[in-house]
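> Would you mind keeping the following structure in view while I ask a few things?
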Amino acid sequence: MNRKAHLFKNEFIMAPLKLGYCHDKDGKVNARHLEFYQKRKGPGAIIPEPFYMDAGLRENPFQLGIDSDDKLEGLQMLADVIHANGASFIAHINHPGRMANPSIPGNYFWSASANPCPAGGPIPVEMDAKMMADATHLMKDAALRAQQAGADGIELQVGYGYLLAQFLSPITNQRSDLYGGNLENRMRFPLEVVIALIESLDIPVMVRLSASDLVPFGINPDDSKLFALKLQELGVVALHITAGSACTSPAWYYQHMLVPKGKNWEFAAGIQEVVSIPVIYHGRIHDKKDIDFLRKTYQARYFSLGRAFVADEEVVGKLFGLQDEPIRPCLACSEACLGGVKAGKGLGCVVNPLVNTRFPDLQPADLPLHVAVVGGGLAGMQAAITAAKRGHKVELFEKNELGGQFRLAWLPPGKESLDEIVDYFKRELDYHSVIIRKMEATPWILEDEQFDKVLMATGSVPAIPPIPGLCDYHWAEVLEKDNLPTGKKILIIGGGLIGTEIAVSLIGHHNQLIMVEMMEDIARDMEMIERKVSLQKLVQHKVQIYTNSRVTSVANCSVSIENSKGELIEIADIDQIIVATGMKSYHPFELTIPFTWIGDALKPGKAEDAIKAGYEVALSL
Ligand SMILES: Cc1cc2nc3c(=O)[nH]c(=O)nc-3n(C[C@H](O)[C@H](O)[C@H](O)COP(=O)(O)OP(=O)(O)OC[C@H]3O[C@@H](n4cnc5c(N)ncnc54)[C@H](O)[C@@H]3O)c2cc1C
Ligand SMILES: Cc1cc2nc3c(=O)[nH]c(=O)nc-3n(C[C@H](O)[C@H](O)[C@H](O)COP(=O)(O)O)c2cc1C
Ligand code: SF4
């Protein structure tokens with residue numbers, strides 16, 4: 009039998025993403041999983057989330073399992089849904105080793121050596137021969153069960169700092185036996201597992217490999233080339249190339265917007281030079297431009313997309329040119345996908361209101377209305393597009409520029425990708441023939457023109473605390489290029505998301521920065537990877553941070569700060585004060601015709617809230 013035949017039905021492969029949808033924590037496939045995968049149309053293969061092979065090896069409490077036969081029925085349903093979409097089902101098998109989730113009771117931690125992950129986690133047990141045999145057996149059993157459930161192939165995880173990568177990496181493998189030391193020894197256990205799988209399965213085996221840990225002395229691209237050659241010799245049918253590790257370089261693992269795009273692609277090209285089996289390019293491949301670049305620059309033939317499928321379930325049809333609408337872009341923010349999984353809510357999406365929500369599919373409106381949307385921020389634009397899609401005649405009023413506050417969100421360093429959603433919304437407005445009125449809406453215009461319904465998406469404005477003497481201050485507008493202060497002593501009042509982003513943006517401009525925050529911690533509402541990176545930068549640049557403290561008065565260029573112990577601190581010679589103490593809804597007027605507040609105008613929140621609110625209100629029209 010030709011094991012390689014048609015494993016990929018086309019060149020697009022959906023990468024594994026933990027969904028965190030087993031709300032009953034039973035590890036079984038449920039309606040949420042089936043619906044999620046059923047909606048992902050068009051890929052040549054889908055690699056669902058890793059299935060835990062043992063209840064003591066879970067990466068997430070809400071993960072799918074493959075550890076027992078009672079999971080088979082659900083896995084078969086999953087296979088059927090994927091097959092009905094015309095895709096192959098590739099089961100991803102991962103032993104997390106020391107990276108099993110330490111907060112799950114009963115989890116155990118094994119590794120090549122007894123080194124804990126420096127980012128946290130217990131000291132793992134160094135595996136002996138019996139433990140290696142047991143782990144191999146577990147992986148083989150899981151793969152056989154996947155085959156029984158209808159999987160067309162197996163992807164073995166040898167990357168991202170999980171068990172097999174812990175054997176490969178000189179950082180985590182300090183053994184002095186046959187399984188440690190030089191590359192040949194470090195490769196030995198992963199290769200033994202590959203052999204065990206290939207020998208026992210009738211379906212092909214591919215490998216996911218971090219070509220580099222992207223940390224000094226870790227797995228490097230040259231070693232990965234030699235390893236890739238060995239995998240090819242053993243009969244592995246394809247290599248899914250990525251980079252980074254769950255422990256030491258999560259920003260690379262999750263291809264966060266803060267790390268440069270394209271590094272993974274260079275690594276994949278390096279591997280492609282030495283092997284003849286398919287090499288799958290991966291990491292922030294989001295649109296036609298990326299595909300064209302990869303084809304032209306590296307002659308790439310296979311592409312794996314993760315979050316692009318979350319942001320737009322129809323991305324493949326749009327890449328193939330079968331649908332005209334623009335691709336809804338993944339912003340690489342990790343905010344609601346990774347953030348949702350970590351928070352126990354399950355994978356969601358900032359830009360796609362249909363992920364992990366119970367909104368019904370769009371239906372044409374029973375009675376088309378003449379709708380005005382006031383405010384072209386994220387909430388207003390999403391509402392206008394959805395209402396227009398349902399057949400309403402929509403006019404959108406914006407007094408400044410489309411995008412609203414979010415036009416400031418992408419200005420901090422590394423966050424440029426956030427701008428893509430504003431661009432997308434503009435194209436969608438055009439595509440759905442929303443009439444844009446570049447003017448301030450007033451009650452008399454709206455009432456005169458007799459709109460049937462007005463959606464008030466007027467956003468929010470900074471909430472300024474009543475601090476005696478505070479009269480000359482700035483807000484997030486300092487992020488704009490022409491406003492960026494340089495060489496100044498700056499006090500930032502408020503250390504939430506916006507205050508912290510402002511601080512990070514100003515440190516590169518020779519400013520001396522002082523932050524004052526009433527709560528015990530700063531950046532609490534920031535996405536976790538961005539938060540970690542931002543806090544590191546603030547520490548490196550010696551930003552003075554006063555938590556549990558509040559500014560009590562301002563006089564000339566001096567400020568008084570009081571901490572929770574009642575101690576007073578005076579800071580003199582301040583050149584500029586920036587206030588980022590939260591937002592309050594902006595209600596410029598009310599109307600006598602039917603209207604509804606939405607987005608920040610109803611309750612200040614984040615981009616995800618604004619977009620969901622816009623979608624939801626348009627469903628009700
Ligand atoms: C610096 C900064 C960074 C941020 N970073 C993030 C982030 O990383 N992640 C995240 O999720 N969220 C972030 N946010 C929050 C996010 O931008 C907001 O939650 C979201 O944009 C709110 O959208 P909205 O449409 O409700 O309101 P707004 O964006 O405030 O839009 C309101 C619009 O209404 C217009 N308008 C008002 N009155 C009228 C009128 N009478 N006629 C015509 N037009 C009118 C305004 O000009 C404006 O364009 C950030 C916000 C800021 C300021
Ligand atoms: C919420 C989330 C969960 C993920 N879980 C896994 C996982 O369990 N195993 C894995 O190999 N990769 C996992 N990934 C990584 C993705 O497969 C992919 O490498 C990453 O999202 C970058 O690619 P993209 O830009 O195409 O999304 C996860 C990513 C996200 C965002
Ligand atoms: S939450 Fe952000 S990173 Fe995650 S899929 Fe949506 S847009 Fe992409």
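Residues 9 to 629 (the numbering used here) make up the sequence shown, in order.
Glycine is no exception: its CB is placed at the ideal position from the N, C-alpha and C atoms.
Since we're looking at a predicted model, the values are computed, not measured.
Please determine whether the Cβ atom of N408 lies at a distance below 7 Å from any heavy atom of ligand 5.
Inclusion of ligand 5 in the displayed structure is not the case, the ligand content consisting of ligand 1, ligand 2 and ligand 3 alone.
> Rounded to the nearest angstrom, what separates K353 and T365 at their Cα positions?
Rounded to whole angstroms, K353 to T365 spans 11 Å at the Cα level.
> Give the DSSP-derived three-state secondary structure of S557 in the structure shown.
It is a strand residue.
> Are at least three pairs of beta-carbons, each pair with one atom in the segment 433-448 and one in the segment 338-357, less than 8 Å apart?
As far as the Cβ criterion goes, the segment 433-448 does not touch the segment 338-357, which means the pair count is below three.
> Using the Cβ count rule (16 or more neighbours within 10 Å means buried), how would you classify L454?
Burial call: buried.
> Is the separation between the beta-carbon of I249 and that of V287 shorter than 8 Å?
Against a cut-off of 8 Å, the Cβ pair of V287 and I249 comes out as a contact.
> Quick check: is any heavy atom of ligand 1 less than 7 Å from the C-beta of F414?
Answer for F414: yes, Cβ within range of ligand 1.
> For the beta strand (DSSP E) holding Y310, just list the boundary residues, first then last.
Residues Y310 to L313.
> Hey, quick one: how far does the alpha helix (DSSP H) through T508 stretch, first residue to last?
Note, T508: alpha helix (DSSP H), L505 to I515.
> Determine the closest residue to A8 out of N564, Y60 and A276, with distance taken between C-alpha atoms.
Since the first residue of the chain shown is 9 and the last is 629, residue 8 is not available in this structure.
> Restricting to Cα atoms, I'd like to know which of I585, P473, A236 and E538 is closest to G347.
The residue with the shortest Cα to Cα distance from G347 is E538.
> For the segment 221-269, which segments carrying the alpha helix (DSSP H) assignment without a break, of at least 4 residues, lie completely within its bounds, in sequence order?
DSSP runs (the alpha helix (DSSP H)) wholly in the segment 221-269: 229-242 and 258-261.
> By the 10 Å Cβ neighbour count, where 16 or more other Cβ atoms means buried, how is T466 classified, buried or exposed?
T466 is buried by the Cβ-count criterion.
> Measure the Cβ-Cβ separation of S542 and T508 and say whether it is below 8 Å.
Yes, Cβ-Cβ distance for S542 and T508 is below 8 Å.
> Please state the DSSP three-state secondary structure of A391.
Correct three-state label for A391: helix.
> Using the beta-carbon of each residue, find all residues closer than 7 Å to any heavy atom of ligand 3 and list them in chain order.
Ordered along the chain, the selected set is R315, V318, A319, C338, L339, A340, C341, S342, E343, A344, C345, L346, G356, C357, V358, V359 and N360.
> Buried or exposed: E428, going by 16 or more other Cβ atoms within 10 Å of its Cβ?
The residue in question, E428, is buried, as its Cβ has 16 or more Cβ neighbours within 10 Å.
> Using the rule of at least 16 other Cβ atoms within 10 Å of the residue's Cβ for burial, across every protein chain shown, is F20 buried or exposed?
That one is buried.
> Nearest-angstrom Cα distance between H14 and P51?
So the two alpha carbons sit approximately 13 Å from each other.
> Here's the rule: buried if 16 or more other CB atoms are within 10 angstroms of the residue's CB, otherwise exposed. What is Q280?
Q280 comes out buried.
> Apart from the five residues just before and just after D62, which ones in its own chain have a Cβ nearer than 7 Å to its Cβ?
D75 and L146, listed in sequence order.
> State the Cα-Cα distance for the pair A236 and A173, rounded to the nearest angstrom.
Their backbone Cα atoms lie some 13 Å apart in a straight line.
> Is A95 near ligand 2, with its Cβ less than 7 Å from a heavy atom?
No, the beta carbon of A95 sits no closer than 7 Å to any heavy atom of ligand 2.
> Where C479 and I577 are concerned, what is the direct C-alpha to C-alpha distance, given to the nearest angstrom?
Roughly 20 Å between the two C-alpha positions.
> Out of curiosity, what's the CA-to-CA distance linking V245 and I211?
If you take the alpha carbons of V245 and I211, they lie about 10 Å apart.
> Can we count I101 as close to ligand 2, meaning its CB is less than 7 Å from some heavy atom?
Every heavy atom of ligand 2 is 7 Å or more from the Cβ of I101, so no.
> Which residue wins for smallest C-alpha separation from I631, given the options N102, D460 and P372?
A question about residue 631 goes unanswered here, because the residues of the chain that appear run from 9 up to 629.
> Could you check if K47 belongs to the surroundings of ligand 2, using beta carbon to heavy atom distance under 7 Å?
The answer is no for K47.
> Should R40 be counted as a contact of ligand 2 given a C-beta to heavy atom distance under 7 Å?
Flag unset: Cβ of R40 not near ligand 2.
> Go ahead and label M22 buried or exposed: buried means 16 or more other beta carbons lie within 10 angstroms of its beta carbon, across all protein chains shown.
With 16 or more other Cβ atoms within 10 Å, it is buried.
> Just to confirm, does L487 get its C-beta within under 7 Å of one of the non-hydrogen atoms of ligand 2?
It does not: the Cβ of L487 is nowhere closer than 7 Å to a heavy atom of ligand 2.
> Below 8 Å, how does it come out for the segment 295-315 and the segment 377-391: are there three or more Cβ pairs, yes or no?
Contact between the segment 295-315 and the segment 377-391 is absent, because fewer than three Cβ pairs lie under 8 Å.
> Which residues mark the beginning and the end of the alpha helix (DSSP H) in which K148 is found?
Counting along the chain, the alpha helix (DSSP H) containing K148 begins and ends at A137 to A157.
> Can you give me the start and stop residues for the alpha helix (DSSP H) that Y306 sits inside?
Y306 -> alpha helix (DSSP H) spans K296 to Y306.
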